[in-house]
Every structure is written in C-alpha cells, then in structure tokens.
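Have a look at the structure below before the remarks.
2 protein chains.
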Amino acid sequence: MARGRPQDPDKQLATKQALCQAARELLELKPYRSITIRELAHHAGTQSAMVSYYFGSKEGLFIELLEQSGNRRQQKMMMVAQQVLAQPNQALTLLVDNLIELMASEPWVVKLLQDEILSQESKLRDGFLSAIPQRLKTALSALLGQLQQQGILRADLNLDFTVATLMSNILFPMLTEPLMSHVLGIQRNTLRSEAWKQHLTQVLTQGLSPAGAAQ
Amino acid sequence: MARGRPQDPDKQLATKQALCQAARELLELKPYRSITIRELAHHAGTQSAMVSYYFGSKEGLFIELLEQSGNRRQQKMMMVAQQVLAQPNQALTLLVDNLIELMASEPWVVKLLQDEILSQESKLRDGFLSAIPQRLKTALSALLGQLQQQGILRADLNLDFTVATLMSNILFPMLTEPLMSHVLGIQRNTLRSEAWKQHLTQVLTQGLSPAGAAQ
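Residue numbers (the working numbering), protein chains in the order written: chain A, 1 to 215; chain B, 1001 to 1215.
See the structure below:
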C-alpha cells in the first residue's frame, strides 16, 4: 500500500475531493449498492487502493459524503433560523422556500434515502440518519419552539409531530416522483415553482379551509 | 401442463386464493424481487406450475393482488365519500381518519411502494400506479371538488396539489418509518393514534398558525 500513497498534502486533498465528487456523480446514475470501488477510482482518475487508504471502505467514502452534506445543511439551517426570527410574520413562507431549496439541492441525498434507507437495512442507515435528518430535526425543533413561544405557531402543537408535518409536505412529493408525475402531473420542476411554494405555505399557514372557518 | 391442472372450479378458486394469500404474506417478510415462484407455491401448498397456469407469471400474480386491493380501496373510498358529503362540516376529520386506516390497512402495499416503485424502474410500476394511486386520485379529486363547490374547502385550491398534500401528510410518515422512529420517536402505532389524527386534522383544517392569524 505504501508505494502508491501520495505524499503531497495538496494532492492528497485533491484526490479525496475527486473521490467524493465521483461518488456524488455516480449516485445520480446508479444505486449505491451497484457502485464499485473500481468505478469510483476510475471516475476520479485515481487507483482503487486510494478508496480504502482515505476512507477505509466504499461505505466510509459515502459516510464522509453524508457528513459533508450534513454540515452544509446545518450551516444553511442556522442562516434560515436567523432570517425567520428576524421576520417572524413571514416564518412559514421563509421555511417553505428554504426547506424546498435545501431538500431539492442535492438529488443524490433523496435517491440514497429511497434506495438504501427506506427499502432495506442498509449499512449506511445510521450514518445517514445522524448526518442529515437528525441534525435537521434538532435545528427545526429549536426554531419551531421559539416561534411557538412568540405566538407565531399554535401553542398546542406537538413539536415532533410538526417537524414530521414539515418533512411530509416538502419531502414526500420529491421522494415519490414517479407517483407525482404519472398520477398527478406534478413534475420535479413543479416542486420548485412559485405556485407550489405558495400552495404549501397557505396549507401550513391556514390549512385547506376558507379563512375563518372552523371544524 | 394439462396433467396437474385442477378441474373442480371450487378447487381452482381455492388455489388462486391461496397463492394470493401466500404472496401477501411473503411480501411482509421479504422484497418482491426476492420472492420465488417455488416459494409462492410451497407457501400456498400447491405446485410451481400453478403460478403460471393461473397468473401467467410471478408478476401477473402480484398485479392481480394489486387489482384486488385497488378494487377494495375504490369501494371503501365510495363509502367514505358518501359519509363525508353527509357530514361536510366534519370533512377533514373523516378524511384523515379514513385515509389513515386505508393506507395503514395493508402494510405490504407500502412496502411494495418503497421497494419497487420508488427505488427502481420495476415491471410492476405501471400496474401499481393504475391499480392504487390512480384510482385514489380519481376518487379524491371528485370528492374534493364537491367540497370546494360547497365552500368547505378554499376556492383557490389546486385540486392536484391538494391530493398531493393529503397523500404527503398521511403517507409520508408510513413510508419513512425508520426516519420517523429513529429521528422523531414516532412509531408505527403512533400513526394510528388519536393524537396523531387530531394533529393532522388540525393542520389540514387551520394550518400551524393560531386561529385567526394571517400571513
């Protein structure tokens, strides 16, 4: 192993980044379980041995990818929270817009959720859950709790249920793309349109009933 | 093939039903693609040749299963629609309760959606979509349109978006069970609890904001 190991730190970083980039690109073409170490190395222009040298295993490389994405998302969520708390009367509009962008920005994360987390007991499951949804849950719960204290959200809301509701409304249509497009004519780009964002904001703000109606 | 073919119509029906029952039971244990014709026949107490005799193929047997479920659901939705139109002021409560029961009643349908429809181009996709969500969409759109005309639902709602919203809120938590349980502590039985049904009804009726608030 020692022979092919690159010594130059810049080159090491470049190789690691090329492997991460290759992993992201290959995930858009095929499922995680079909991607081989050989393909990853070839796609990144390096040798297969570099995958285990830098990441321990193929799994380790993808966990690293998830951690990087989790960090970016966490930073983004901190900015969103600041923005929302600065304009609490626009809270749900801002949350819908930003969560849609956040969840749609990396289609490979949604694919991994479909392929590895929902349909089987994958080795990636724990790493996925702690890197992405667990951190989103922590950030959202804190923000929703503050909005609840300010009277922007109903006092009787269960916060875990409310996080589930936000995820349901925003993520379900992205996750069930064949169902949305074939059955409802709602395409991937519809889910980033103003009409869809406005629909979700209104549902989350006032529900489906006319203003002032009560059940 | 002709030799083993049962001639008695009652026995024929019993064999077909046993194979359908075996298919449902095996789906709760393993993914569609891992189920073999041999296992289906063994589980149903018949010979492998009966699968192709009655259903043409393994795929044909599962399509039949989906059609049967689609028929039951369609009948159920007709009853739900009658009930809702008889008590329009309880429309969203009744819809939430009944849609939760409908979607939770056959866990194998949710598993099939996860395993075959969302994560790959399965041969079952078209059969699945036309048997289950397409018919649900037709029934729901008609009902929601009537409720809209009666002023129970907002006049500005896009009906396709509204069907997507109902499916999102009810089906997403069932579909993402590992995420819900590990990250939010929301278990499968929580999703049939009164607290959860009440949460969803309130969200769909008045949103997340306090009554009377506008954004």
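Virtual Cβ for every residue (Gly too), placed ideally from N, Cα, C.
Worksheet item: Where does B:A1158 sit, in a helix, a strand or coil, going by DSSP?
Response: Inspection of the sequence shows that residue 1158 of chain B is occupied by Asn rather than by Ala. Shown here, B:N1158 sits in coil according to DSSP, grouped into three states, outside any helix or strand.
Worksheet item: Does A:E51 have its Cβ less than 8 Å from a Cβ in chain B?
Response: According to the sequence as given, residue 51 of chain A is Val; it is not Glu. Proximity of A:V51 to chain B, defined by a Cβ-Cβ separation below 8 Å, is not satisfied.
Discussion item. With distance defined between alpha-carbon atoms, name the residue in A:M174, A:H199 and A:L179 nearest to A:G189.
Written reply: For clarity, residue 189 of chain A is Asn in the given sequence; the question names Gly instead. Across the set A:M174, A:H199 and A:L179, the C-alpha of A:M174 shows the shortest separation from the C-alpha of A:N189.
Fill in: Backbone secondary structure at A:P31 - three-state DSSP
In the displayed model, A:P31 falls within coil according to three-state DSSP, outside both helix and strand.
Worksheet entry | Min CB distance B:A1002 to chain A below 8 Å | Reliability fails at B:A1002, whose pLDDT of 47 lies under 50, so the model's placement of it is uncertain and no value is given.
Worksheet item: Using Cβ-Cβ distances below 9 Å, what residues of the region 1158-1180 of chain B are close to chain A?
Response: Listed in sequence order: N1158, D1160, F1161, T1162, V1163, A1164, T1165, L1166, M1167, S1168, N1169, I1170, L1171, F1172, P1173, L1175, T1176, E1177, P1178, L1179 and M1180.
Item to complete: Taking 8 Å as the threshold, find out whether the region 1201-1208 of chain B comes into contact with the region 203-212 of chain A through three or more Cβ pairs.
Response: Yes: at least three Cβ pairs fall under 8 Å.
Practice prompt. Return helix, strand or coil for B:Q1215, following the three-state DSSP convention.
Written response: The pLDDT assigned to B:Q1215 is 46, lower than 50, so where the model puts this residue is not dependable; a value taken from the coordinates is nonetheless given after this. DSSP places B:Q1215 in coil when its eight states are reduced to three.
Worksheet item: If you draw a straight line from the alpha carbon of A:L102 to that of B:M1167, how long is it in whole angstroms?
Response: Cα-Cα distance, rounded: 21 Å.
Item to complete: Starting from A:T138, trace the alpha helix (DSSP H) both ways and give me its first and last residue.
Response: First-last of the alpha helix (DSSP H) with A:T138: P133 to Q149.
Practice prompt. Express the C-alpha separation of B:F1161 and A:W196 in angstroms, rounding to a whole number.
Written response: So the alpha carbons of these two residues sit roughly 8 Å apart.
Discussion item. Just to make sure I have the definition right: I need the residues of chain B whose C-beta is within less than 7 Å of the C-beta of A:R154. Which are they?
Written reply: Those within 7 Å of A:R154 in chain B are L1208, S1209 and P1210.
Practice prompt. Please say whether A:V80 and A:A91 have beta carbons closer to each other than 8 Å?
Written response: No, these two residues do not count as a Cβ contact at 8 Å.
Practice prompt. Out of B:Q1047, B:A1164 and B:L1061, point me to the one whose CA is closest to B:C1020's CA.
Written response: Of B:Q1047, B:A1164 and B:L1061, the residue nearest in Cα terms is B:L1061.
Practice prompt. Give the interface partners of B:L1204 over in chain A, defined as CB-CB distance under 7 Å, in chain order.
Written response: Simply G207 and L208.
Item to complete: Starting from the Cα of A:Q82, find the closest Cα among A:L113, A:L140, A:P107 and A:E116 and give me that residue.
Response: Closest option to A:Q82, Cα to Cα, is A:L140.
Item to complete: Can you pull the chain A residues whose beta carbon is under 7 Å from the beta carbon of B:R1125, in chain order?
Response: Near B:R1125 (Cβ distances below 7 Å), the residues of chain A are P178.
Worksheet entry | Per-residue burial, A:Q47 [other beta carbons within 10 Å of its own, 16 or more giving buried] | Around the beta-carbon of A:Q47, fewer than 16 other beta-carbon atoms lie within 10 Å, marking it exposed.
Item to complete: Return the Cβ separation of B:Q1148 and B:A1142 in integer angstroms, given the expectation that the two are a contact with Cβ distance under 8 Å.
Response: Incorrect: roughly 11 Å between the Cβ atoms, too far for contact.
Discussion item. Strictly under 8 Å for the Cβ-Cβ distance: is A:K76 near chain B by that measure?
Written reply: Closer than 8 Å: no.
Fill in: Length-filtered (4 minimum) alpha helix (DSSP H) runs lying within the region 1007-1081 of chain B
Entirely contained in the region 1007-1081 of chain B, the alpha helix (DSSP H) runs reaching 4 residues are, in chain order, 1009-1029, 1037-1044 and 1049-1055.
Discussion item. Quick check: the Cα distance between B:K1137 and A:L184, rounded to an integer number of angstroms?
Written reply: For B:K1137 and A:L184, the distance between alpha carbons rounds to 8 Å.
Worksheet item: Along the region 181-196 of chain A, what residues have a CB closer than 8 Å to any CB found in chain B?
Response: Residues passing the 8 Å Cβ filter: H182, V183, L184, G185, I186, A195 and W196.
Discussion item. Relative to the C-alpha of A:I100, which candidate in A:A211, A:Q134 and A:R73 has its C-alpha closest?
Written reply: When each option's Cα is compared against that of A:I100, the closest is A:R73.
Practice prompt. Indicate the three-state DSSP secondary structure (helix, strand or coil) for A:I169 in the structure shown.
Written response: According to the sequence as given, residue 169 of chain A is Asn; it is not Ile. Reduced to three states, the DSSP call for A:N169 is helix.
Practice prompt. Say whether chain A places a C-beta atom closer than 8 Å to the C-beta of B:P1133.
Written response: Interface residue, yes.
Worksheet item: Going straight from the alpha carbon of A:L66 to that of B:Q1120, what length do you get?
Response: Cα to Cα, the separation comes out at about 22 Å.
Discussion item. Just to confirm the assignment, what range does the alpha helix (DSSP H) spanning B:D1097 have?
Written reply: Here the alpha helix (DSSP H) through B:D1097 covers A1091 to A1104.
Worksheet item: Cβ of A:K30 less than 8 Å from any chain B Cβ?
Response: With 8 Å as the cut-off, A:K30 does not count as an interface residue toward chain B.
Worksheet item: Residues of chain A with a CB under 7 Å from the CB of B:Q1114: which are they?
Response: Under the 7 Å cutoff, chain A gives L118 and S119.
Discussion item. Counting only Cβ pairs nearer than 8 Å, list the residues of chain A close to B:L1129.
Written reply: Contact of B:L1129 with chain A by beta-carbon distance below 8 Å involves P178, L179, H182 and V183.
Worksheet entry | Three-state class that DSSP yields for B:S1122 in the structure shown | Correct three-state label for B:S1122: coil.
Practice prompt. Could you check what DSSP says for B:G1185 in three-state terms: helix, strand or coil?
Written response: Three-state DSSP puts B:G1185 in coil, outside helix and strand.
Worksheet entry | Rounded separation between B:S1057 and B:A1018 - CA only | Looking at the two C-alpha atoms, the distance is approximately 16 Å.
Worksheet item: If you drop the 5 nearest sequence neighbours on each side, which residues of the same chain put their C-beta closer than 7 Å to that of B:A1002?
Response: With a pLDDT of 47 at B:A1002, under the threshold of 50, the predicted position of this residue should be treated as unreliable, though the coordinate-derived value follows. Excluding residues within five positions, none has a Cβ falling inside 7 Å.
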